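Here's the structure we're looking at; comments come further down.
In this note's numbering, the protein residues as written are 32 to 472.
Set out below in structure tokens:
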């Protein structure tokens, strides 16, 4: 019997006993290929000696101090590593313990900024349907997944509204990708006007939509359009790169491939690679300057903000990515993963779309390819694929509600940046077998 409240209390998961590279070994002796990095977290794989050494050293020096009284060398060095060169104008950072905390912090920081500069009427945020920004109430309110929001709807703040996701696979029939961006621009502009442009604090978007809809990159020109509208109306562009950032797409920031940088950015999973819980909010200089020149303090905080050991781990992860040239590797292995997925599933009668960037890619399962019709949610197809894959020795990241929060199934892959071509071949081979088994059952 377990005393833990697991995500599925009626079906407790197997106990992981040890791990190394891309393998996790269970207590009952099975070896499982970690093809999703947990949830796009384990960017260096498991057991990297440089990160382990950094954590051990920092615990021996300084395990914890409260950020209201002290800073620490790892926190200062990590901030310098991330924004010392001011990528896209991002100049300052602070560190929390999860992506949900980071998104909550970004929304509160946006609100504080507008209070500091004398625009208290900016109380609304525009986000997108089929998005995910975390499980705390503010982050869940920003998220646009109907299924995840439904149980908590009475508790969610009403300051978030939602426009369409930039899902090119499900754009209107006969619409080019460029025309689709024009349609989305008109919708976003209409939402600014409905709310009143002077009431909007920010537009919130995942640069590459992650687990909720399955590795959907923005169409060409979409983020530049969003940047342009935010500038026109004086709102902030807030990009959530909790899942897709810190090298996952082949560049440090996914927005580097889209020609538009944010005012606020959240990062998490690839920041610390799972070696410690850590996330961050990155901000542009005007936001930092407004706080410094205004109230002079951040009206927000957490007990474990800027945690020394978490920052030391993340610093070691980021230095390892740089020293081992892993961004180039993500690009090369991402291309190989795309080729192998297309070779295996490109003509599959029940795979409607293969998409993603770098080492975050997904397949969308459909009952009818020509109509893009999803399977009946009652079949729980994504769960059947997950179990079939696990039984074959593969941990992937299937999810449901791909289309509208209720209907649709996809399988997301996000292997570590150290993955080899041979390992990708094996991952795709097992996934193909698992999909076919799930469809046949």
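Glycine residues also receive a C-beta, built at the ideal position from the N, C-alpha and C atoms.
None of these values were measured; they are calculated from a predicted model.
Within its chain, find whatever has a CB closer than 7 angstroms to the CB of residue i; leave out the 5 residues flanking it on each side and keep chain order.
| i | result |
| --- | --- |
| residue 326 | 147 |
| residue 404 | 397 and 398 |
| residue 280 | 239, 288, 388, 389 and 391 |
| residue 472 | 415 |
| residue 456 | 371 |
| residue 96 | 103 and 339 |
| residue 69 | 305 |
| residue 180 | 171, 174 and 187 |
| residue 141 | 232, 233, 267, 269 and 295 |
| residue 362 | 281 and 389 |
| residue 43 | 33 and 37 |
Rounded C-beta distance between residue i and residue j? I'm assuming under 8 angstroms.
| i | j | result |
| --- | --- | --- |
| residue 424 | residue 61 | 7 angstroms |
| residue 293 | residue 93 | About 32 angstroms; that fails the 8 angstroms criterion. |
| residue 177 | residue 437 | 6 angstroms |
| residue 444 | residue 392 | 5 angstroms |
| residue 200 | residue 395 | 7 angstroms |
| residue 125 | residue 336 | 6 angstroms |
| residue 465 | residue 420 | 4 angstroms |
| residue 219 | residue 157 | 7 angstroms |
| residue 114 | residue 351 | Actually they do not touch by this definition, with Cβ atoms about 19 angstroms apart. |
| residue 16 | residue 462 | Since the first residue shown for the chain is 32 and the last is 472, residue 16 is missing from the structure and cannot be characterised. |
| residue 317 | residue 264 | No, residue 317 and residue 264 are not in contact; Cβ-Cβ is about 16 angstroms, not under 8 angstroms. |
| residue 119 | residue 286 | 7 angstroms |
| residue 364 | residue 450 | 6 angstroms |
| residue 431 | residue 408 | 6 angstroms |
| residue 246 | residue 386 | 6 angstroms |
| residue 282 | residue 358 | 6 angstroms |
| residue 112 | residue 349 | 5 angstroms |
Given a cut-off of 7 angstroms on the beta-carbon distance, is the pair residue i and residue j in contact?
| i | j | result |
| --- | --- | --- |
| residue 190 | residue 165 | no |
| residue 238 | residue 275 | yes |
| residue 221 | residue 153 | no |
| residue 328 | residue 291 | no |
| residue 84 | residue 134 | no |
| residue 22 | residue 469 | No information on residue 22 is available, as it lies outside the stretch 32 to 472 that the chain covers here. |
| residue 160 | residue 193 | yes |
| residue 428 | residue 74 | no |
| residue 136 | residue 331 | yes |
| residue 144 | residue 320 | no |
| residue 271 | residue 243 | no |
| residue 208 | residue 151 | no |
| residue 267 | residue 295 | yes |
How is residue i classed by DSSP in three states: helix, strand or coil?
| i | result |
| --- | --- |
| residue 368 | helix |
| residue 118 | helix |
| residue 349 | helix |
| residue 123 | strand |
| residue 391 | strand |
| residue 428 | strand |
| residue 441 | strand |
| residue 248 | strand |
| residue 274 | coil |
| residue 336 | coil |
| residue 223 | helix |
| residue 256 | helix |
| residue 65 | strand |
| residue 376 | helix |
| residue 86 | helix |
| residue 230 | helix |
| residue 329 | coil |
| residue 94 | coil |
| residue 51 | strand |
| residue 169 | helix |
| residue 411 | coil |
Who are the near neighbours of residue i in its chain, counting only those whose CB is closer than 6 angstroms to its CB and skipping five residues on each side?
| i | result |
| --- | --- |
| residue 216 | 256 |
| residue 253 | 197 and 212 |
| residue 172 | 187, 188 and 191 |
| residue 235 | 156, 158, 173 and 269 |
| residue 248 | 239 and 388 |
| residue 384 | 200 and 395 |
| residue 38 | none |
| residue 402 | none |
Excluding the 5 residues flanking residue i on each side, which residues of the same chain have their C-beta closer than 8 angstroms to its C-beta?
| i | result |
| --- | --- |
| residue 5 | The displayed coordinates of the chain run from 32 to 472. Any statement about residue 5 would go beyond what the structure contains. |
| residue 86 | 306, 307, 340, 343, 344 and 347 |
| residue 99 | 332 |
| residue 56 | 47, 48, 49, 50, 62 and 63 |
| residue 65 | 50, 53, 54, 55, 73, 76, 77, 426, 446 and 447 |
| residue 90 | 340 |
Would you say the beta carbon of residue i is closer than 6 angstroms to some non-hydrogen atom of the ligand SAH?
| i | result |
| --- | --- |
| residue 469 | In the structure shown, the ligand SAH is absent, as is every other ligand, since no ligand is present at all. |
message: When you compare the segment 342 to 355 with the segment 101 to 113, are there three or more beta-carbon pairs, one atom per stretch, that lie closer than 8 angstroms?
response: yes
task: Indicate whether the contact test is met: 3 or more Cβ pairs, each with one atom in the segment 311 to 318 and one in the segment 37 to 53, closer than 8 angstroms.
output: no
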